[in-house]
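Take the position in the sequence shown, starting the count at 1, then add 56; the result is the number in the numbering used here.
Ideal placement from N, C-alpha and C gives every residue a C-beta, glycine not left out.
Remember, it's a predicted structure, so these values are computed and weren't measured experimentally.
A short worksheet on the structure shown next.
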Amino acid sequence: MSPTTVVSSPGKVLVSGGYLVLDPKYSGTVVCTSSRFYTVIREDSSCGPNTIRVRSPQFSDATWEYSVSTAETPVKVEESPKNISTNSFSASASDGRLLAHNLAQYVHCYAQGKVGSGFDIAAAVFGSHIYTRFNPAVLNGLMSDKAVRSPLHPILSPSNKAWDYAVKPFKLPPLTRLMLADVDTGSDTPSLVGKVLKWRTENSEQAFALWTDIDTLNTRLAETLVELSKLYEKDRASYTTAVKYIASLQPIQWSANPYQPEEEKPTISKFFESHQISQAIRTKMKRMGELSGVPIEPVEQTILLDSCVSLAGVIGGGVPGAGGYDAIWLLVCDPVDSSPDIPPVQRVEQVWSEYSELSVSPLSAKESFSGGVRVEIMDGVIGLAEATTLP
């Protein structure tokens with residue numbers, strides 16, 4: 057029996073850079089989460105020769121089949137006639153994370169019918185990072201049905217310098233925790249994006265000024281969070297004590313103690329700066345929503361976020377990505393020991409459980425340090441074998 061290959065990739069949260077990340081002039085900060093998506097590749101004798109079957113067991117009737125022809129060079133893959141649509145593509149065999157990234161970006165764009173920012177694909181492949189998108193022109197020649205019948209490798213190869221995206225490693229500061237919640241109302245992200253881009257086109261000067269301000273804040277937030285990690289490495293004891301201290305106080309009180317030990321002040325100051333910057337980003341993003349007629353941070357989300365951010369030990373938060381009613385994220389202090397106070401995580405969970413304007417569903421996912429795409433062992437993932445058993 058041929059070996060089974062299992063590959064996983066992480067979930068992600070775009071904590072800053074919503075909308076701006078569509079433009080190569082700006083960057084976004086992407087944090088990967090502990091929830092992972094799994095793909096299992098194995099032989100299936102019921103498929104017949106030269107056939108690939110793709111099945112997504114979490115959806116109903118989600119099965120697609122493709123026929124493979126090795127008589128041509130490069131190999132030709134075509135969707136089987138019984139599927140809803142028909143298209144084909146061909147690719148040379150090659151390895152490497154960079155090639156996997158480029159191919160995934162192309163397939164994702166082709167499936168959507170447009171070239172998006174690609175931050176989600178980059179996060180799945182590389183893990184948490186600060187992302188600057190590639191110039192979408194690199195895929196222009198492959199976005200039509202006719203174009204995908206030509207060899208892909210010359211365009212998708214990592215040696216193609218037109219792939220000019222940038223991925224800078226990033227992680228949240230030590231002794232903090234990313235908290236996520238689903239908001240069940242949901243939003244139509246493509247519609248939100250379309251309206252914002254229309255506003256940007258029709259109000260170029262106004263949009264440029266606002267996007268410049270937001271980008272400056274986004275960059276400052278990422279830099280400040282990175283600096284906190286450096287402070288931890290420089291003096292772990294003082295950093296740890298400082299985190300426990302601010303975990304028991306509202307942000308407005310963090311810098312108010314005139315008797316604060318000098319060695320703790322740099323850490324507390326940076327955390328308060330992070331709080332201020334994240335709040336300023338929310339204000340600017342909400343303003344963009346007002347100008348474009350898009351609910352980037354709807355009133356119900358504002359009330360919820362304000363309630364959370366005012367709690368002791370909460371550093372900041374917002375609506376991820378394109379905003380709307382999909383979700384919220386928070387960054388909270390997570391000290392080794394909060395006693396005798398209540399941990400910030402519990403304070404936030406209490407607010408979420410009592411909020412009535414929207415249905416808030418806490419998610420168990422946290423920041424992941426496992427990187428991007430990786431090979432797994434089937435038996436090492438509880439329930440995966442049962443979930444992917446062939447019918």
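It is roughly 36 angstroms from the alpha-carbon of F93 to the alpha-carbon of Q306. For V355, the enclosing alpha helix (DSSP H) starts and ends at V355 to V365. Its Cα nearest to that of Y82, the residue F175 stands out among F175, I438, L446 and R233. Relative to Q357, the option among K170, F226, A237 and A167 whose CA is nearest is A237. Contact between G369 and L387 is absent: CB atoms are separated by about 10 angstroms, not below the 8 angstroms threshold. Under the three-state reduction of DSSP output, Y288 falls in the helix class. Excluding its 5 nearest sequence neighbours in each direction, D117 has no C-beta neighbour in its own chain below 8 angstroms. The alpha-carbon of H157 is positioned some 7 angstroms away from that of I177. Residue burial is scored here from C-beta neighbours: N274 has at least 16 other C-beta atoms within 10 angstroms and is therefore classed as buried. Nearest neighbour of E329 by Cα position, chosen from W310, M344, S184 and S173, turns out to be W310.
For I352, no beta strand (DSSP E) encloses it, and the DSSP letter there is neither H nor E.
Here DSSP, grouped into helix, strand and coil, assigns S91 to strand.
The C-beta separation of T188 from Y162 comes to about 18 angstroms, leaving the pair out of contact by the 8 angstroms criterion. A residue is called buried when at least 16 other Cβ atoms come within 10 angstroms of its Cβ; K224 does not meet this threshold and is exposed. In the assembly as shown, T89 is a buried residue. Its beta-carbon has 16 or more other beta-carbons within 10 Å. Spatial neighbours of T61 in its own chain (CB-CB distance under 8 angstroms, excluding positions within 5 residues in sequence) are listed in chain order as V96, I97, R98 and V431. Assignment of M235 by DSSP, reduced to helix, strand and coil, places it in the strand class.
Here G152 has P214 as same chain residues with Cβ atoms under 8 angstroms from its own Cβ, once five neighbours each way along the sequence are excluded.
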